[in-house]
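Each protein sequence line maps, in turn, to chains A and B.
The numbers in the numbering used here rise by one with no breaks, and the one at position 48 of the first sequence is 48.
The numbers in the numbering used here rise by one with no breaks, and the one at position 77 of the second sequence is 77.
C-beta: ideal position from N, C-alpha, C; glycine also.
Note that the coordinates shown come from a computational prediction; the quantities given were computed from them, not determined experimentally.
Everything on this sheet refers to the single structure shown next.
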Amino acid sequence: SQTIHQWPATLVQPVGSPLSLECTVEGTSNPNLYWYRQAAGRGLQLLFYSVGIGQISSEVPQNLSASRPQDRQFILSSKKLLLSDSGFYLCAWSLTGGYSGANVLTFGAGSRLTVL
Amino acid sequence: QKEVEQDPGPLSVPEGAIVSLNCTYSNSAFQYFMWYRQYSRKGPELLMYTYSSGNKEDGRFTAQVDKSSKYISLFIRDSQPSDSATYLCAMSEKGSARQLTFGSGTQLTVLP
Numbered sequence: 001s002q003t004i005h006q007w008p009a010t011l012v013q014p015v016g017s018p019l020s021l022e023c024t025v026e027g028t029s030n031p032n033l034y035w036y037r038q039a040a041g042r043g044l045q046l047l048f049y050s051v052g053i054g055q056i057s058s059e060v061p062q063n064l065s066a067s068r069p070q071d072r073q074f075i076l077s078s079k080k081l082l083l084s085d086s087g088f089y090l091c092a093w094s095l096t097g098g099y100s101g102a103n104v105l106t107f108g109a110g111s112r113l114t115v116l
Numbered sequence: 001q002k003e004v005e006q007d008p009g010p011l012s013v014p015e016g017a018i019v020s021l022n023c024t025y026s027n028s029a030f031q032y033f034m035w036y037r038q039y040s041r042k043g044p045e046l047l048m049y050t051y052s053s054g055n056k057e058d059g060r061f062t063a064q065v066d067k068s069s070k071y072i073s074l075f076i077r078d079s080q081p082s083d084s085a086t087y088l089c090a091m092s093e094k095g096s097a098r099q100l101t102f103g104s105g106t107q108l109t110v111l112p
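Printed below as a string of structure tokens:
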């Protein structure tokens with residue numbers, strides 16, 4: 001069965017510090033991968049998605065970047081965090097397009113980031 | 001106007017009550033509809049998936065889609081304290097997760 005791991009679960013970082021959140025998927029090959037941010041009362045905002053190694057699409061201009069160095073690894077990064085980067089970050093995967101259920105997302109447990 | 005509107009709650013009900021959670025949307029091209037359940041400090045998990053209009057039942061849960069009114073509902077029968085969570089609706093035009101649009105979520109508490 002497929003599983004998704006996301007870490008760290010919680011972190012507190014000072015403004016201006018770097019960020020690295022990691023996500024790995026097991027039990028599937030060539031998944032589509034996603035990073036979302038969830039703010040209270042505002043639903044889920046898609047930040048990045050990837051259809052393959054090194055292929056990253058950004059949905060929202062921001063202080064963050066994403067990378068996919070391996071098929072089942074997705075990393076969210078920042079060189080200098082802002083206060084506004086605080087939030088709950090979720091990694092997710094889906095089947096690639098054309099497959100039944102390709103619009104279903106499976107989420108990781110999330111990473112809560114507090115920038116002080 | 002948001003593309004998907006969802007009452008944020010919070011909603012509190014006694015154990016055993018029937019719960020109705022709703023979302024309205026403006027894009028008539030949406031044809032895939034989902035409900036996700038999110039426990040506190042966890043990621044959302046898929047609860048119900050429907051295509052086009054109609055009802056779908058799974059145990060105590062029923063998902064209903066009314067495309068003519070652009071309105072979807074999730075009913076929970078015999079609600080349990082373990083149903084306490086935030087419920088997010090999500091929808092898309094096509095079979096691509098990248099195009100999913102989420103509601104902001106309704107926080108539900110079922111009191112024992």
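Which chain B residues are close to residue i, counting only those with a beta carbon under 8 Å from its beta carbon?
{"i": "V104/A", "result": "M34, L46, Y49 and A97"}
{"i": "L90/A", "result": "G43 and P44"}
{"i": "G110/A", "result": "R41, K42 and G43"}
{"i": "F74/A", "result": "Under the 8 Å cutoff, chain B gives no residues; its nearest Cβ is about 14 Å from F74/A."}
Which chain A residues are close to residue i, counting only those with a beta carbon under 7 Å from its beta carbon?
{"i": "G103/B", "result": "G43"}
{"i": "P8/B", "result": "G41"}
{"i": "S92/B", "result": "N103"}
With H, G and I counted as helix, E and B as strand and the rest as coil, what does DSSP make of residue i?
{"i": "L116/A", "result": "coil"}
{"i": "R72/A", "result": "coil"}
{"i": "R98/B", "result": "helix"}
{"i": "L83/A", "result": "helix"}
{"i": "P14/B", "result": "strand"}
{"i": "T96/A", "result": "coil"}
{"i": "N22/B", "result": "strand"}
{"i": "V4/B", "result": "strand"}
{"i": "Q107/B", "result": "strand"}
{"i": "L105/A", "result": "coil"}
{"i": "S77/A", "result": "strand"}
{"i": "F88/A", "result": "strand"}
With the cut-off set at 8 Å, would you say residue i and residue j are in Cβ contact?
{"i": "L21/B", "j": "R37/B", "result": "no"}
{"i": "L90/A", "j": "Q13/A", "result": "no"}
{"i": "T50/B", "j": "V65/B", "result": "yes"}
{"i": "G41/A", "j": "P8/B", "result": "yes"}
{"i": "V15/A", "j": "V104/A", "result": "no"}
{"i": "S50/A", "j": "N63/A", "result": "no"}
{"i": "S29/A", "j": "I75/A", "result": "no"}
At 7 Å on the CB atoms, spell out the chain B contacts of residue i, in chain order.
{"i": "S94/A", "result": "A97"}
{"i": "F48/A", "result": "Within 7 Å Cβ-Cβ: nothing; F48/A doesn't reach chain B, min ~10 Å."}
Given a threshold of 16 other Cβ atoms within 10 Å of its Cβ, counted over all protein chains shown, does residue i qualify as buried or as exposed?
{"i": "R37/A", "result": "buried"}
{"i": "V60/A", "result": "exposed"}
{"i": "Q6/A", "result": "buried"}
{"i": "D85/A", "result": "buried"}
{"i": "R77/B", "result": "exposed"}
{"i": "G54/B", "result": "exposed"}
{"i": "R68/A", "result": "buried"}
{"i": "A39/A", "result": "exposed"}
{"i": "T3/A", "result": "exposed"}
{"i": "L83/A", "result": "exposed"}
Who are the neighbours of residue i on chain B, taking C-beta pairs under 9 Å?
{"i": "N32/A", "result": "S96, A97 and R98"}
Under 8 Å between beta-carbons, which chain A residues line up against residue i? List them in chain order, please.
{"i": "L88/B", "result": "G43 and L44"}
So is residue i in contact with chain C if we call contact Cβ pairs under 8 Å?
{"i": "F75/B", "result": "The structure shown has no chain C; the protein chains it does contain are A and B."}
To test your reading of the DSSP string, which unbroken beta strand (DSSP E) runs of 3 or more residues are found completely within the region 35-90 of chain B?
Listed in chain order, they are 45-51, 54-58, 61-66 and 71-76.
Which runs of the beta strand (DSSP E) at least 3 residues long sit entirely within the region 5-68 of chain A? Give them in chain order.
10-13, 19-26, 32-38, 44-52 and 55-58
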